[in-house]
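In this note's numbering, the protein residues as written are 7 to 483.
Don't be surprised by glycine CBs; every beta carbon is placed ideally from N, CA and C.
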């Protein structure tokens, strides 16, 4: 019987999907289990061949106490919240949950998503029973002098910190006027709570919170698998000694879920139409897209906009206008159903514009000439793998999308724009450049070849072997 591996991802699709690459690497040596927070993520895991267990999404150390109390149907008040922090209630609840999970599965190794890293505080006291490792689905999240941080959208002069240094605000002192003292006392209780749970975790002094982390809190000095290539960073010196880059982490056989039911039939029609118009026999359709007259632009902004967003509708409307002005260009766009319904009601769709709620992205990218993306790291890696230049419009300023878009432009893999402010003329010029100038496609192709050559599966498996299986591993154990 094989030993068991437990993977604890954050409660988001874009964190679960890339982690499946690690599961594939270790599947020969381990029986892989996932602990996810909802049925949608469980379906993704199970459809891709692994076992999924449901657990709560409440993690200690992220100020989730209000939602935790709400989930328990308890009335939220100042005093009830204060009590939760003073009694470390969420810590003990998470400990009971993870202890039960570990006792059931008996894992030999546990992989923790960097964005739910505080599970380490719960698991570390039992470290003699298993090995612990962290994985990060984004580029490095540490601040490194002379280089932009992962969320910065601009390059900085040498010698200037990535962000201006700001003085930490002192906690308000008691004013004995009600609101001031209550706020101060709550902050004091939270600070003491965090100190206590780190002591309970036996994390100090070896594994404190990293002072140079940026977009999320990170536990220092722990081994971290980065699910991406070092080459995508601005420079090799960004890498820390405890970080291990794994390349593009591609899974061509990935099974997608929640696909638009009309996609299959429509996609067959789109492909056949392009082949017919290009007069290229099906068996020769991959013999160089530069000579093909009909081009395909793929647009997807992930799951960031799930409602009827006015900015998204404006952008897509402008994109449709640009497509009308570009001859021999088809558009496949993945957006939410509300936008699709609005576009149909306004009769803006044509036989060259095809909209779906969700598509199997790898299949579409394999046929695409340009990818309009929100600059999510997973989408970027997939676009590089299939050799598709990108036009990036970061949507979320708080995490890696701004930095990813900047790197796309700096590495010559595509262009970027301002989603909410992009003018129709600028959008058209950028798409024309990406469609016409072969330098972008050649650069993406060269970038892909360098990465594929550097991150051979045998080499990556060797890294995993040294981290998880060897007796003299530096992994926490």
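Residue 376 sits close to residue 441, with the two beta carbons spaced by under 8 Å. If you draw a straight line from the Cα of residue 78 to the Cα of residue 71, it is about 11 Å long. If you look at residue 119, you'll find it isn't in any alpha helix (DSSP H); it sits in the beta strand (DSSP E) that goes 115-119. In the three-state reduction of the DSSP assignment, residue 188 falls in the helix class, which pools H, G and I. Residue state for residue 409 is assigned as helix, using DSSP reduced to three classes. With a cut-off of 8 Å on Cβ pairs, the stretch 123-138 is not in contact with the stretch 385-396, counting fewer than three such pairs. Residue state for residue 470 is assigned as helix, using DSSP reduced to three classes.
Note that the C-beta distance between residue 104 and residue 125 is below 8 Å. Rounded to the nearest angstrom, the gap between the Cα atoms of residue 211 and residue 33 is 34 Å. Comparing alpha-carbon positions, the option among 472, 95, 387 and 459 lying closest to residue 254 turns out to be 387. Nearest in C-alpha terms to residue 468, of all of 408, 31 and 123, is 31. Excluding sequence positions up to five before and after residue 328, its CB lies within less than 8 Å of the CB of 430, 433, 434 and 437, all in the same chain and listed in chain order. Closest in alpha carbon position to residue 41, among 14, 65 and 318, is 14.
In this structure, residue 379 sits near residue 306, with a CB-CB distance shorter than 8 Å. In this structure residue 391 is not in contact with residue 192, their Cβ atoms being roughly 48 Å apart against a cut-off of 8 Å. Annotation for residue 420: the continuous beta strand (DSSP E) segment containing it runs 420-422.
Taking all protein chains in view, the Cβ of residue 356 is surrounded by fewer than 16 other Cβ atoms within 10 Å, so the residue is classified as exposed. Counting every other CB atom within 10 Å of its CB across the protein chains shown gives residue 408 a total of 16 or more, marking it as buried. The distance from the Cβ of residue 27 to that of residue 38 is about 12 Å, inconsistent with a contact at the 8 Å cut-off. For residue 361, the CB contacts under 6 Å within the same chain, skipping 5 residues up- and downstream, are 339 and 346 in chain order.
The alpha-carbon separation between residue 74 and residue 238 amounts to approximately 38 Å. Here the alpha carbon of residue 48 sits roughly 42 Å from the alpha carbon of residue 443. In this structure residue 96 is in contact with residue 64, their Cβ atoms being roughly 6 Å apart against a cut-off of 8 Å. Annotation for residue 137: the continuous beta strand (DSSP E) segment containing it runs 137-142. Of 61, 410, 106 and 90, the smallest CA-CA separation from residue 384 is found for 410. In this structure, the CA atom of residue 85 is about 20 Å from the CA atom of residue 203.
Boundaries of the beta strand (DSSP E) around residue 377: 376-379. For residue 61, the closest C-alpha among the options 279, 43, 52 and 241 is that of 43. Distance from residue 53 to residue 261 at the Cβ level is roughly 4 Å; contact confirmed, criterion being Cβ atoms closer than 8 Å.
The three-state reading of DSSP puts residue 80 in coil, since its state is none of H, G, I, E or B. Taking C-beta atoms under 8 Å as the contact rule, residue 113 and residue 11 qualify, at a distance of about 6 Å. Leaving aside the five residues that flank residue 264 on each side, the residues in its chain whose CB is nearer than 6 Å to its CB run, in chain order, 364.
For residue 318, the enclosing alpha helix (DSSP H) starts and ends at 316-331.
Our two residues, residue 301 and residue 335, have alpha carbons roughly 5 Å apart in a direct line. In the displayed model, residue 275 falls within a helix according to three-state DSSP.
Judged by beta-carbon spacing, residue 240 lies beyond the 8 Å limit of residue 98, meaning their Cβ atoms are not closer than that value.
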